[in-house]
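With the sequence shown counted from 1, adding 10 to any position gets you our numbering.
Note that the Cβ used here is the ideal one computed from N, Cα and C, for glycine as well.
Keep in mind it's a predicted model, so treat the numbers as computed, not measured.
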Amino acid sequence: MPNNKELIEIAKLFFKLGSIAFGGPAAHIAMMEDEVVKKRKWMTQEHFLDLVGATNLIPGPNSTEMTMHCGHERAGWKGLFVAGFCFIFPAVVITSVFAWLYQQYGQLPKVEPFIYGIKPAVIAIIIMAGFRLGKKAVKNTELAILGIITLVACLFGLNEIIALFGCGLLGLGIYFFKKNTGNLTSFFPLLLFQLVDPSKIGVLKIFLTFLKVGAILYGSGYVLFAFLDTELVANGWLTRQALIDAVAIGQITPGPVLSTATFIGWQMNGITGALAATIGIFLPSFLFVLILNPLIPKMRQSEILGAILDAVNVAAIALIIAVSVEMAKDTLTDWRTILIAVASLIVVFVFKKMNSAFIVLGGAVIGYLLTLI
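Rendered as structure tokens:
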């Protein structure tokens with residue numbers, strides 16, 4: 011049974027990460043690996059990798075579900091709920107403030123100078139995590155080849171879910187080729203919700219709409235915006251400009267990108283809409299992780315499922331590297347951002363024990379100062 015000390019430790023850690031975790035799911039997972047594996051040793055890197063791989067196979071926001079897995083590993087189901095709530099809470103509060111300001115004044119505050127240096131610093135954190143986890147994931151030549159194929163495919167625009175499942179199937183094929191066996195079991199259930207009637211938007215309808223999105227959303231939180239364009243803009247519940255501004259909110263706030271649902275819900279029905287959207291979109295993740303977490307050790311014990319998991323783990327590392335490459339192309343646009351990225355890389359590889367929070371905060375301060383030049 012978890013004690014209060016463990017739950018308080020979980021709450022402090024994930025509240026901190028929820029407050030400073032900029033840069034999207036890959037960055038969040040990189041920071042978690044640094045905190046729970048490297049510093050606190052709550053689990054091995056191999057098990058952390060298994061959690062990352064399994065999380066990529068279920069719907070919902072990957073990094074938020076990883077916080078729940080980490081909390082469950084430390085303190086059971088109570089730790090799961092404490093970790094998830096504390097990671098989500100700071101982003102929801104910050105997003106709510108932005109939503110209120112947007113509703114009052116019709117525009118977003120100018121915060122770009124304060125986040126100018128964060129993304130270059132985050133790229134360094136992602137690369138370091140990819141390097142550390144990659145050493146554990148690449149167990150043999152076949153997995154190395156699968157990882158390279160997945161990375162190249164992602165860089166050429168292959169959908170990340172197709173890449174993950176495709177790599178898993180290739181890993182399974184290699185296993186059967188080696189073992190010459192023919193038994194296969196699979197257990198991937200798909201949970202679907204029907205579209206709600208688009209006649210009138212209310213709190214219940216907001217909740218059900220975001221519950222459906224949270225239950226079927228695969229990939230990173232950025233896929234959310236395509237879903238919402240279909241669900242909300244096409245039905246006339248939200249203007250496209252408000253959705254575009256919601257995308258901006260997702261970029262400039264820490265924590266899970268899906269906290270954007272709070273902003274959108276607020277525009278649709280005030281604070282009650284914000285609460286309905288937030289609970290709806292995150293609730294499926296808590297349920298999925300609660301069901302999945304106890305199954306992962308059993309998956310690892312099965313040779314067939316273990317082969318799939320090994321391949322998916324390598325694919326997950328390839329996705330992390332691909333994200334860092336894409337972020338670098340978008341972010342490193344001048345000498346200032348390049349300087350911050352290089353300095354951050356030196357720091358994470360030389361001062362390996364430095365907390366990733368200091369890398370993020372340092373990047374923010376240096377970036378702000380450099381914008382004054």
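Determine the closest residue to His79 out of Val103, Ile39, Ser106 and Val102, with distance taken between C-alpha atoms.
Among Val103, Ile39, Ser106 and Val102, the Cα nearest to that of His79 is on Ile39.
Within 10 angstroms of the Cβ of Phe197, are there 16 or more other Cβ atoms? Answer buried if so, exposed if not.
In this prediction, Phe197 scores a pLDDT of 34, lower than 50, which makes its location untrustworthy; the coordinate-derived value is nonetheless stated afterwards. It counts as exposed.
First and last residue of the alpha helix (DSSP H) that includes Tyr112?
It spans Asn72 to Tyr115 - the alpha helix (DSSP H) in which Tyr112 sits, taken as one unbroken run.
Applying the criterion that 16 or more other CB atoms from any shown protein chain within 10 Å of the CB defines a buried residue, is Tyr126 buried or exposed?
The residue in question, Tyr126, is buried, as its Cβ has 16 or more Cβ neighbours within 10 Å.
Could you tell me whether the segment 134-143 touches the segment 280-287, using the rule of 3 or more Cβ pairs below 8 Å?
Verdict: no, contact absent.
Round the Cβ separation of Ser354 and Ala36 to the nearest angstrom and send it over; I've been treating them as touching at under 8 Å.
Not a contact, Cβ separation roughly 15 Å.
So the candidates are Gly224, Ile155, Phe361 and Ile350; which of them puts its Cα closest to the Cα of Asn72?
When only C-alpha atoms are compared, the closest one is Gly224.
I'd like the list of long-range same chain contacts for Asn193, defined as Cβ closer than 8 Å, with 5 residues on each side in sequence excluded.
Legend: pLDDT at Asn193 = 43, less than 50; position of this residue unreliable, value from coordinates given subsequently. Cβ within range, chain order: Ile314.
Can you have a look at Leu379 and say buried or exposed, based on whether 16 or more other CB atoms are within 10 angstroms of its CB?
It counts as exposed.
Scan the segment 293-331 and note each continuous alpha helix (DSSP H) run of 4 residues or more that stays entirely inside, going in chain order.
Here the runs fully enclosed are 306-311.
Less than 8 Å between the beta carbons of Ile331 and Leu214, yes or no?
No, the Cβ-Cβ distance between Ile331 and Leu214 is not below 8 Å.
Would you check if there are 3 or more beta carbon pairs closer than 8 Å linking the segment 299-314 to the segment 241-260?
No, the segment 299-314 is not in contact with the segment 241-260.
Counting beta carbon pairs with one atom in the segment 290-300 and one in the segment 40-54, are three or more of them shorter than 8 Å?
No, because fewer than three Cβ pairs between the segment 40-54 and the segment 290-300 fall closer than 8 Å, the two stretches do not touch.
Measuring straight from C-alpha to C-alpha, what distance separates Ala101 and Thr74?
Going from the Cα of Ala101 to the Cα of Thr74 covers about 12 Å.
Using beta-carbon positions only, say whether Gly415 and Ala317 come within less than 8 Å of one another.
The structure shown does not extend to residue 415, since the chain spans only 11 to 383, so no value can be given for it.
Output needed for Ile350: all residues of its chain with C-beta closer than 8 Å, excluding positions within five of it in sequence on either side, in chain order.
Around Ile350: Gly127, Pro130, Ala131, Gly373, Ile376, Gly377 and Leu380.
Tell me whether the beta-carbon of Gly265 lies closer than 8 Å to the beta-carbon of Gly28.
Taking 8 Å as the Cβ cut-off, Gly265 and Gly28 qualify as a contacting pair.
Should Phe91 go down as buried or exposed, given a rule of 16 or more other Cβ atoms within 10 Å for buried?
Buried, because 16 or more other Cβ atoms sit within 10 Å of the Cβ of Phe91.
Starting from Thr54, trace the alpha helix (DSSP H) both ways and give me its first and last residue.
Neither: Thr54 is in no alpha helix (DSSP H) and is coded neither H nor E.
Classify Lys210: buried if its beta carbon has 16 or more other beta carbons within 10 angstroms, exposed otherwise.
With a pLDDT of only 47 at Lys210, under the threshold of 50, the placement of this residue in the model should not be trusted, and no figure is reported.
Where Ser366 and Ile133 are concerned, what is the direct C-alpha to C-alpha distance, given to the nearest angstrom?
Their backbone Cα atoms lie some 11 Å apart in a straight line.
Quick check on DSSP: helix, strand or coil for Thr381?
Thr381 falls in the helix class under three-state DSSP.
Could you work out which residue in Gly260, Lys15, Leu67 and Arg250 is closest to Ile172 when comparing CA atoms only?
Out of Gly260, Lys15, Leu67 and Arg250, Leu67 has the C-alpha closest to the C-alpha of Ile172.
Using CA atoms only, rank isn't needed, just tell me which of Leu342, Thr65, Phe108 and Ala109 is closest to Leu227.
Nearest of Leu342, Thr65, Phe108 and Ala109 to Leu227, Cα basis: Thr65.
Report yes or no: is there a C-beta of chain D within less than 8 Å of the C-beta of Phe217?
Chain labels in this structure do not include chain D; a single protein chain is all it has.
Given this structure, state the Cα-to-Cα distance separating Gln55 from Val47, to the nearest angstrom.
One C-alpha to the other measures close to 6 Å.
Measuring alpha carbon to alpha carbon, tell me which of Ala271, Thr263, Gly212 and Val370 ends up nearest Phe237.
The residue with the shortest Cα to Cα distance from Phe237 is Ala271.
Specify the secondary structure class of Ile226 as computed by DSSP and reduced to three states.
Looking at Ile226 - three-state DSSP - the assignment turns out to be helix.
Here's the rule I'm using: 16 or more other beta-carbon atoms within 10 Å means buried, otherwise exposed. How should Lys222 be labelled?
Classification of Lys222: buried, given that the 10 Å Cβ count is 16 or more.
Nearest to Leu297 by alpha carbon, out of Trp87, His57, Asn14 and Lys51?
Nearest C-alpha to Leu297: Trp87.
Grab me the residues of Ile135's own chain with a C-beta within less than 7 Å of its C-beta, minus the 5 sequence neighbours each way, in chain order.
Within the same chain, Ile135 has close Cβ partners Ala37, Ala40, Met41, Val358, Ser366 and Ile369.
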